[in-house]
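**Student:**
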Amino acid sequence: MHFLRNLIILFLICIAIKINLCVPTIPSSLKTLPIDGHFDFKQVHHAAKDFGNRYSFLPSAVLHPKSASDIATTVKHIWEMGPGSQLTVAARGHGHSLQGQAQAHRGVVINMESLQGPKMKVHTGNFPYVDVSGSELWINILHETLKHGLAPKSWTDYLHLTVGGTLSNAGISGQAFRHGPQISHVRQLEVVTGKGEVVNCSEKQNSDLFYSVLGGLGQFGIITRARISLEPAPKMVKWIRVLYTDFATFAKDQEMLISGESTFDYIEGFVIINRTGLLNNWRSSFNSNDSAQASHFKSDGRTLFCLELAKYFNPEEMAIVNQEIMTSLSQLNHIPSTLFQSQVPYIEFLDRVHISEIKLRSKGLWEVPHPWLNLLIPRSNIHIFAQQVFGNILTNTSNGPILIYPVNKSKWDNRTSVVLPEEDVFYLVAFLSSAAPSSTGSDGLEHILSQNKRILELCEIDGLGVKQYLPHYSTNGEWRSHFGPQWEAFVHRKSTYDPLAILAPGQRIFQKAAPLSL
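FYI, the numbering for the sequence shown is -22 to -1, 1 to 496, going by mature numbering (1 follows the signal peptide of the UniProt record, and there is no 0).
#1: So who's on the other strand from Glu400, going by DSSP bridges?
#2: With 16 other CB atoms within 10 Å as the buried threshold, where does Pro210 fall?
#3: Does Leu353 come out as helix, strand or coil in the three-state DSSP assignment?
#4: Are the C-beta atoms of Gln21 and some chain C residue less than 9 Å apart?
#5: Is it buried or exposed, Ala297, if we count other Cβ atoms within 10 angstroms and call 16 or more buried?
#6: With a Cβ-Cβ cutoff of 9 Å, do His24 and Pro483 count as a contact?
#7: Assuming Ile433 contacts Leu354 under a Cβ cut-off of 8 Å, what Cβ separation, rounded to an integer in Å, is found between them?
#8: Would you call Ala226 buried or exposed, if buried means 16 or more other Cβ atoms sit within 10 Å of its Cβ?
#9: Note down the Cα distance separating Glu239 from Pro212, rounded to an integer number of angstroms.
#10: Glu168 and Ala80: beta carbons closer than 9 Å?
#11: Where in the segment 270 to 325 do unbroken runs of the alpha helix (DSSP H), each at least 4 residues long, occur, reported from the N-terminal end onward?
#12: Measuring CB atoms only, is the segment 120 to 136 touching the segment 13 to 29, in the sense that at least three cross pairs come out at less than 8 Å?
#13: Are Gly158 and Lys389 closer than 9 Å when you measure CB to CB?
#14: Note down, in chain order, each residue of its chain lying with its Cβ closer than 8 Å to the Cβ of Leu427, except the 5 sequence neighbours on either side.
#15: Does the beta-carbon of Gln365 have 16 or more other beta-carbons within 10 angstroms, so that it is buried, or is it exposed?
#16: So, is Ser416 buried or exposed, given that buried needs 16 or more other C-beta atoms within 10 angstroms?
#17: Going along the chain, which residues of its own chain have a beta-carbon closer than 7 Å to the beta-carbon of Gly194, five neighbours each way excluded?
#18: State the Cα-Cα distance for the pair Lys54 and Ile480, rounded to the nearest angstrom.
#19: Following the continuous beta strand (DSSP E) through Gly199, name the residue where it begins and the one where it ends.
#20: Return the first residue and the last residue of the beta strand (DSSP E) that Lys216 is part of.
#21: Can you tell me whether Pro384 is helix, strand or coil according to DSSP?
#22: Taking the straight line between their C-alpha atoms, what separation do you get for Gln21 and Thr453?
#23: Using the C-alpha atoms, what's the distance from Ser420 back to residue 503?
#24: Would you tell me roughly how many angstroms separate the C-alpha atoms of Gln77 and Glu175, rounded to the nearest one?
#25: Can you grab the Cα-Cα spacing for the pair His309 / Ser92, in whole Å?
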């Protein structure tokens, strides 16, 4: 009888231990911090989710700050706890991370969307700018700045992202060939460092921190405010798509368009493999210049390359703009019958991906795993890459779009933390896959991850000089290889601004309380 009782007690102890391992312990000192916002120690599950839908790490607490001071007080408290504490801090914006980068296992996740402070303010004049919270969505910035006839110069394809999130990476879209990424248009930042200090920084004030944070993957500070440059905003957009069957011709035309003074304001491209009725699908949004030929165009069983262009204009400029577009298009070598055009308001063009989001959400296809892979590939190796991947490793594009377009390195500031290929022109190639839940087929997560692995192995074996955008690695050696000659400077910056590795643990670059090594 005693044996049975002891066995039951042992069983209950084991259950208690198991539960304790699953439920993060709550640091009691957090409960007494003098902040205007509040901590939530119970409703923390949402902070263990992100757009990638592949990783889930429960935090001990979620901070809902009212001010940058709340964030600073929390980080400073953890900093003062010293290296013996395992607490870390992750800033979570709109939750669009892909691999748990904004999560903090048994740490503190800061819900940046709770952040309050001075309202967004647009400053007009010869050098216009807007002051915004790091938690502000780019779509809201667009709406507000348009009231003054202004807008930021550079964008991401999807605008429902926070300022702090995109500036911690780079922020790129089809305008990058001309304007560079979003981090090239930041004048000033307010940052909370890993020591809990609130620091204003710019090109002329605390410049090392300023450039460290831009593209710094959240490793050096949490962006709480930003000053973004603006330019006069157009009212309308000519939106154009043309097709190619030959990658070399497609790439040559893209590179010609981004060199010199291009007519177009936006240049992207995407790959289409074995898609049925492609041009018929476009007809709902675009007008064809040759409807008869387009109706007979066969896209199934083929690998095609679409060049996507946009020209911004105001209504009174329409005649001149049309002539400029015709002249530029006459220099291209696309399939003549595949010219499609549309004319839309500027805001509709910039927010185009949100329309797709609404459709996917209505079908329950938005909150699925997103095993995305974003690569930056030197121009000299893009043809080798395309030949090996498109139509070989990838035999269809039904799992999601594949973007591909070149950008000019001269438009990027080499003082930031972003890691780029060494050549003057490089391509962004983005595999934006969505996985069908529970599927074991070609649309399943494991199959897509296997394809991604083959693509990365190809890049490594062939020595293509590729760098990941939105990088994700799991070992110190992989991160060293990613940063290359920039690794020493990156570690030095980390030891200066976040020496205990409190911030952004989800990036898995540094381990809390582990010595920072060169």
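Note that beta-carbon positions come from the ideal geometry of N, C-alpha and C, so glycine has one too.
**Tutor:** This is what the structure holds:
#1: Here residue 400 refers to the residue found at position 422 of the sequence shown. Answer is none; Glu400 lacks a bridge partner.
#2: In the sequence shown, residue 210 corresponds to position 232, counting from 1. Label assigned to Pro210: exposed.
#3: By one-based count along the sequence shown, residue 353 stands at place 375. In the structure shown, Leu353 sits in a strand (DSSP, three-state: E or B).
#4: This model lacks chain C altogether; it includes just one protein chain.
#5: Counted from its first residue, the sequence shown places residue 297 at position 319. Label assigned to Ala297: exposed.
#6: In the sequence shown, counting from the first residue as 1, residue 24 sits at position 46. In the sequence shown, counting from the first residue as 1, residue 483 sits at position 505. No.
#7: Counting from 1 along the sequence shown, the entry for residue 433 is found at position 455. Counting from 1 along the sequence shown, the entry for residue 354 is found at position 376. So it is not a contact: roughly 13 Å between Cβ atoms.
#8: Counted from its first residue, the sequence shown places residue 226 at position 248. Burial call: exposed.
#9: As a first step, residue 239 must be located in the sequence shown, where it is residue number 261. As a first step, residue 212 must be located in the sequence shown, where it is residue number 234. Rounded to the nearest angstrom, the two C-alpha atoms are 18 Å apart.
#10: In the sequence shown, residue 168 corresponds to position 190, counting from 1. In the sequence shown, residue 80 corresponds to position 102, counting from 1. Their beta carbons are not under 9 Å apart, which means Glu168 does not touch Ala80 by this criterion.
#11: 296 to 307
#12: no
#13: Residue mapping note: residue 158 aligns to position 180 of the sequence shown, counting from 1. Residue mapping note: residue 389 aligns to position 411 of the sequence shown, counting from 1. Result yes, Cβ atoms of Gly158 and Lys389 sit closer than 9 Å.
#14: Stepping through the sequence shown from its first residue, residue 427 is reached at position 449. Correct list, in chain order: Pro349.
#15: For the purposes of this step, residue 365 is taken as residue 387 along the sequence shown, with counting starting at 1. The residue is exposed, with fewer than 16 neighbouring Cβ atoms inside 10 Å.
#16: What you label residue 416 is simply residue 438 of the sequence shown in a count that begins at 1. Looking at its Cβ environment, which holds fewer than 16 other Cβ atoms inside 10 Å, Ser416 is exposed.
#17: As a working mapping, residue 194 is identified with position 216 in the sequence shown. So the list reads Ser146 and Ser395, once near-sequence residues are dropped.
#18: By 1-based counting over the sequence shown, the position of residue 54 is 76. By 1-based counting over the sequence shown, the position of residue 480 is 502. If I take the Cα positions, the gap works out to 10 Å.
#19: The count along the sequence shown starts at 1 and reaches residue 199 at position 221. Gly199 to Pro210 is the extent of the beta strand (DSSP E) around Gly199.
#20: Along the sequence shown, one-based indexing puts residue 216 at 238. First-last of the beta strand (DSSP E) with Lys216: Met214 to Tyr222.
#21: The residue labelled residue 384 in the question sits at position 406 within the sequence shown. Here Pro384 sits in strand by DSSP.
#22: As a working note, residue 21 is residue 43 in the sequence shown. As a working note, residue 453 is residue 475 in the sequence shown. Near 31 Å, if we compare the C-alpha coordinates of Thr453 and Gln21.
#23: Because the chain spans -22 through 496 in this model, residue 503 falls outside it and cannot be assessed.
#24: Looking up residue 77 in the sequence shown gives position 99. Looking up residue 175 in the sequence shown gives position 197. About 28 Å.
#25: By 1-based counting over the sequence shown, the position of residue 309 is 331. By 1-based counting over the sequence shown, the position of residue 92 is 114. Residue 309 is actually Gln in this sequence, not His. Distance between the alpha carbons of Gln309 and Ser92 is about 51 Å.
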